[in-house]
Amino acid sequence: MAGRKSTSLLKRAVRLIPGGVNSPVRAFRAVGGKPLFIERARGSRIYDVDGGEYIDYVGSWGPMILGHAHPVVSRALKKAVERGTSFGAPTGLEVELAGLVLRAFPSMDMVRFVNSGTEATMSAIRLARAYTGRERIIKFEGCYHGHADSLLVRAGSGATTLGVPDSPGVPQSLARNTYNAVFNDLDSVERLFKKDPKGIACVIVEGVPGNMGVVPPGEGFLRGLLDMTHHYGAILILDEVMSGFRLCYGGAQKVYGIEPDMTCLGKVIGGGLPVGAFGGRKEIMELLAPSGPVYQAGTLSGNPLAMTAGIETLKLLRQGGTYRDLISTTTTLCNGIREIAERKGIPCQVQQAGSMFTLFFNEKPVENYNDAKNSDLKRFARFFSRMLKHGVYLPPSQFEAAFVSIAHTRRDVARTLDAVERSIK
Ligand SMILES: *Cc1c(COP(=O)(O)O)cnc(C)c1O
28 MAGRKSTSLL
38 KRAVRLIPGG
48 VNSPVRAFRA
58 VGGKPLFIER
68 ARGSRIYDVD
78 GGEYIDYVGS
88 WGPMILGHAH
98 PVVSRALKKA
108 VERGTSFGAP
118 TGLEVELAGL
128 VLRAFPSMDM
138 VRFVNSGTEA
148 TMSAIRLARA
158 YTGRERIIKF
168 EGCYHGHADS
178 LLVRAGSGAT
188 TLGVPDSPGV
198 PQSLARNTYN
208 AVFNDLDSVE
218 RLFKKDPKGI
228 ACVIVEGVPG
238 NMGVVPPGEG
248 FLRGLLDMTH
258 HYGAILILDE
268 VMSGFRLCYG
278 GAQKVYGIEP
288 DMTCLGKVIG
298 GGLPVGAFGG
308 RKEIMELLAP
318 SGPVYQAGTL
328 SGNPLAMTAG
338 IETLKLLRQG
348 GTYRDLISTT
358 TTLCNGIREI
368 AERKGIPCQV
378 QQAGSMFTLF
388 FNEKPVENYN
398 DAKNSDLKRF
408 ARFFSRMLKH
418 GVYLPPSQFE
428 AAFVSIAHTR
438 RDVARTLDAV
448 ERSIK
């Protein structure tokens with residue numbers, strides 16, 4: 028619970044920053060109550076300004092896969108700071124991280140680094156439009172790809188209607204270029220392609236959606252989507268900003284055996300510093316300035332601190348057995364939650380993909396955004412608050428993934444399950 032210092036900081040913050048936060052979900056609006064202001068974090072634990080200690084399953088929304096303040100990453104960062112924090116000129120660090128990323132993602136011939144996932148998807152779409160000479164895009168309801176204008180759009184009434192903006196300030200004229208399909212439903216995609224067979228530049232989809240809660244793609248969905256996209260002369264952009272290094276070293280495309288034309292990355296590849304990346308086939312990537320005419324740039328892109336954190340993180344993740352242990356911890360936790368819920372007769376779905384999971388208070392498996400929205404949000408809010416009281420910091424919304432790190436121990440899992448036992452009602 029928010030203590031005295033958090034409460035007083037929030038009072039000041041809301042006068043200075045809209046809603047008191049620099050990213051909306053942090054404000055706890057979906058679950059009620061007041062956000063904790065954080066002072067520091069280490070390993071699996073996060074500490075607020077009032078001295079509260081929590082087992083953290085937010086992990087800065089995904090990046091902290093090694094846990095907080097990993098000593099190897101921290102040491103490398105301290106050294107990097109001494110050498111200067113930004114040059115605005117090429118460095119060997121960018122070449123090294125590019126090499127690591129391209130080896131992990133064989134579908135990518137080339138990559139460019141940016142500062143956020145938002146920049147990565149926005150730039151990938153610009154490239155797809157330039158490459159195909161087409162303007163419309165298809166995305167899926169409930170998939171989040173950052174806050175660029177053309178991506179803040181959902182279907183108006185059903186999947187076949189033209190997009191209407193999700194947010195005031197997004198021009199209708201732009202929203203009209205975004206179609207929405209239903210995740211795990213290839214027919215909903217085909218209907219859009221049939222309606223506009225020569226107008227669609229690309230399909231963008233999360234590798235494993237985590238932004239409506241964790242919703243794994245069904246058997247053959249991604250493969251079918253890739254084939255259909257190519258059949259209509261469009262490009263498939265796999266947004267692996269979240270899934271990229273969360274499922275395994277190589278993301279959803281490795282797990283599901285597909286080669287997308289373009290891939291977006293972020294979160295883990297920055298090791299807790301701001302990094303995004305987009306890449307893909309050479310003939311597409313070479314359209315990018317300065318080798319080609321498609322403009323994209325960034326004052327701080329390829330920043331030496333961010334590159335350093337990314338390199339150290341990927342090198343540690345690459346070591347054998349890392350994901351086996353990480354996923355086994357996650358599975359133990361998910362199985363434990365299921366057992367408790369079943370014993371108590373609470374209808375819920377624990378949906379896991381690699382080291383991410385969501386507990387949906389829902390009678391049926393969640394396969395798309397509509398299913399997710401039918402979850403019992405009030406019950407989630409109550410569960411969230413009780414978990415927090417018992418020292419477990421979950422994402423403050425039903426429509427988010429929880430993240431496990433390699434720093435989460437068996438004891439953390441046991442303590443978390445103990446909290447679940449007391450909190451699930
Ligand atoms: C987080 C996320 C983004 C946006 O990344 P930011 O760094 O927050 O801009 C894009 N796509 C997916 C799948 C994400 O999970």
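Here the sequence shown is numbered in this note's numbering, starting from 28 and rising by one per residue.
Every residue gets a Cβ at the ideal spot worked out from N, C-alpha and C, and that includes glycine.
Being a predicted model, the structure only gives us computed values, none of them experimental.
Can the beta-carbon of Gly-111 be found less than 8 angstroms from the beta-carbon of Gly-144?
Here the question's residue 111 lines up with position 84 in the sequence shown. Here the question's residue 144 lines up with position 117 in the sequence shown. The beta carbons of Gly-111 and Gly-144 sit no closer together than 8 angstroms.
Quick one: what does DSSP say Ile-338 is sitting in, helix, strand or coil?
As a working mapping, residue 338 is identified with position 311 in the sequence shown. The three-state secondary structure of Ile-338, taken from DSSP, is helix.
Would the C-beta of Asn-238 count as close to ligand 1, meaning under 7 angstroms from any of its heavy atoms?
The residue you call residue 238 lines up with position 211 of the sequence shown. Yes, since a heavy atom of ligand 1 falls inside the 7 angstroms radius drawn around the Cβ of Asn-238.
State the beta-bridge partners of Phe-384 as determined by DSSP.
Walking along the sequence shown from the start, residue 384 turns up at place 357. In the DSSP output, where bridge partners are listed per residue, Phe-384 has Gln-379, Ala-429.
Rounded distance between the beta-carbons of Cys-291 and Phe-305, thought under 8 angstroms:
Here residue 305 is taken as the residue at index 278 of the sequence shown, counted from 1. Here residue 291 is taken as the residue at index 264 of the sequence shown, counted from 1. With a contact defined as Cβ atoms closer than 8 angstroms, Phe-305 and Cys-291 qualify at about 5 angstroms.
Any residue whose CB is nearer than 5 angstroms to a heavy atom belonging to ligand 1, listed in chain order:
This criterion selects Ser-143, Gly-144, Thr-145, His-172, Gly-173, Glu-233, Asp-266, Val-268, Met-269, Gly-293.
Please classify His-258: is it buried, with 16 or more other beta-carbons within 10 angstroms of its beta-carbon, or exposed?
Counting from 1 along the sequence shown, the entry for residue 258 is found at position 231. His-258 should be labelled exposed.
For Phe-18, which of helix, strand or coil comes out of DSSP?
A question about residue 18 goes unanswered here, because the residues of the chain that appear run from 28 up to 452.
Output the distance between the C-alpha atoms of Val-216 and Val-209, rounded to the nearest integer angstrom.
One-based indexing of the sequence shown puts residue 216 at position 189. One-based indexing of the sequence shown puts residue 209 at position 182. In a straight line, the C-alpha of Val-216 is about 7 angstroms away from that of Val-209.
Sufficient close CB pairs (3 or more, under 8 angstroms) joining the region 39-59 to the region 225-245
The region 39-59, when compared against the region 225-245, does not touch it at the 8 angstroms Cβ threshold.
Cβ pair Val-230, Ala-261 closer than 8 angstroms
As a working note, residue 230 is residue 203 in the sequence shown. As a working note, residue 261 is residue 234 in the sequence shown. Yes, Cβ-Cβ distance for Val-230 and Ala-261 is below 8 angstroms.
So does the region 375-382 actually touch the region 419-427, counting three or more Cβ pairs closer than 8 angstroms?
In short, these stretches do not touch, since the Cβ pair count stays below three.
Beta carbon of Gly-325, beta carbon of Gln-280: below 8 angstroms?
Taking the sequence shown and counting its residues from 1, the one referred to as residue 325 is at position 298. Taking the sequence shown and counting its residues from 1, the one referred to as residue 280 is at position 253. When the beta-carbon positions are compared, Gly-325 and Gln-280 stay at least 8 angstroms from each other.
Please report the distance separating the alpha-carbon of Gly-307 from that of Phe-140.
Translated into the one-based positions of the sequence shown, residue 307 becomes position 280. Translated into the one-based positions of the sequence shown, residue 140 becomes position 113. When the Cα atoms are used, Gly-307 and Phe-140 turn out to be separated by approximately 12 angstroms.
In chain order, what residues of the same chain lie with their CB nearer than 7 angstroms to the CB of Ser-450, ignoring the 5 residues before and after it?
Numbered from 1 along the sequence shown, position 423 holds the residue referred to as residue 450. The answer, listed in chain order, is Phe-410, Arg-413, Met-414, His-417.
To the nearest angstrom, how far is the alpha carbon of Asp-193 from that of Ser-113?
Your numbering for residue 193 matches position 166 in the sequence shown. Your numbering for residue 113 matches position 86 in the sequence shown. Each residue's Cα considered, the two are about 36 angstroms apart.
Glu-168 burial status per 10 Å Cβ neighbour count (16 or more: buried):
Sequence index remark: in the sequence shown, residue 168 carries index 141 (1-based). Glu-168 should be labelled buried.
Decide if Ile-44 is buried, meaning its Cβ has at least 16 other Cβ atoms within 10 Å, or exposed.
Along the sequence shown, one-based indexing puts residue 44 at 17. Its Cβ having fewer than 16 others within 10 Å, Ile-44 is exposed.
Which of helix, strand or coil does DSSP assign to Asp-223?
Residue mapping note: residue 223 aligns to position 196 of the sequence shown, counting from 1. Correct three-state label for Asp-223: coil.
For Glu-233: DSSP bridge partner residues:
By one-based count along the sequence shown, residue 233 stands at place 206. Glu-233 is bridged to Asp-266.
Beta-carbon separation (whole angstroms), Gly-126 vs Asp-77, contact threshold 8 angstroms
For the purposes of this step, residue 126 is taken as residue 99 along the sequence shown, with counting starting at 1. For the purposes of this step, residue 77 is taken as residue 50 along the sequence shown, with counting starting at 1. Not quite, the Cβ-Cβ distance comes to about 44 angstroms (not below 8 angstroms), so this is no contact.
Neighbourhood of Ala-96 by C-beta, 6 angstroms cutoff - its chain only, sequence neighbours within 5 removed
Your numbering for residue 96 matches position 69 in the sequence shown. So the list reads Arg-69, once near-sequence residues are dropped.
Does the distance from the CB of Ser-402 to the CB of Phe-384 come in under 8 angstroms?
Translated into the one-based positions of the sequence shown, residue 402 becomes position 375. Translated into the one-based positions of the sequence shown, residue 384 becomes position 357. Taking C-beta atoms as the reference points, Ser-402 and Phe-384 fail to come closer than 8 angstroms.
Span separating the alpha-carbon of Cys-361 from that of Tyr-322
Locating residue 361 in the sequence shown gives position 334, where the first residue counts as 1. Locating residue 322 in the sequence shown gives position 295, where the first residue counts as 1. Cys-361 and Tyr-322: Cα-Cα distance of roughly 44 angstroms.
Is it buried or exposed, Arg-39, if we count other Cβ atoms within 10 angstroms and call 16 or more buried?
Taking the first residue of the sequence shown as position 1, residue 39 is located at position 12. Exposed.
Just to confirm my understanding: we take Leu-353, look at its own chain, exclude 5 residues before and 5 after, and list those with CB closer than 6 angstroms. What are they?
In the sequence shown, the residue the question calls residue 353 occupies position 326. Contacts found: Ser-382, Ile-433.
Leaving aside the five residues before and after Gly-47 along the sequence, list all residues of the same chain whose C-beta is less than 6 angstroms from its C-beta, in chain order.
Along the sequence shown, read from residue 1 onward, the residue named residue 47 stands at position 20. Cβ contact annotation for Gly-47 (same chain, cutoff 6 angstroms, sequence separation greater than five): Leu-37, Ala-40, Val-41, in chain order.
Would you identify the three-state DSSP class for Ile-73, choosing helix, strand or coil?
Position 46 of the sequence shown holds residue 73. Three-state DSSP puts Ile-73 in a strand.
How far does the alpha helix (DSSP H) with Asp-136 in it reach, from first residue to last?
The residue you call residue 136 lines up with position 109 of the sequence shown. Per DSSP, Asp-136 belongs to no alpha helix (DSSP H) and is neither H nor E.
Relative to the C-alpha of Gly-89, which residue among Met-137, Pro-301, Gly-247, Ser-328 is closest?
Taking the sequence shown and counting its residues from 1, the one referred to as residue 89 is at position 62. The candidate whose alpha carbon is nearest that of Gly-89 is Pro-301.
Residue burial classification, Asn-49 (beta-carbon count within 10 angstroms, cutoff 16)
By one-based count along the sequence shown, residue 49 stands at place 22. Classification for Asn-49: exposed.
Beta-carbon separation of Pro-287 and Leu-265 under 8 angstroms?
Within the sequence shown, residue 287 is the residue found at index 260, counting from 1. Within the sequence shown, residue 265 is the residue found at index 238, counting from 1. The answer is yes: Cβ separation under 8 angstroms.
Can you tell me which residues form a DSSP beta bridge with Thr-205?
If you number the sequence shown from 1, residue 205 lands on position 178. For Thr-205, which the question treats as bridged, DSSP gives the partners Ile-164.
N-terminal and C-terminal residue of the alpha helix (DSSP H) that Ala-279 is part of
Residue 279 sits at position 252 when you count from the first residue of the sequence shown. Where Ala-279 is concerned, the enclosing alpha helix (DSSP H) stretches over 278-282.
What is the DSSP secondary structure of Ile-65, reduced to helix, strand or coil?
Locating residue 65 in the sequence shown gives position 38, where the first residue counts as 1. Ile-65: strand per DSSP, three-state reduction.
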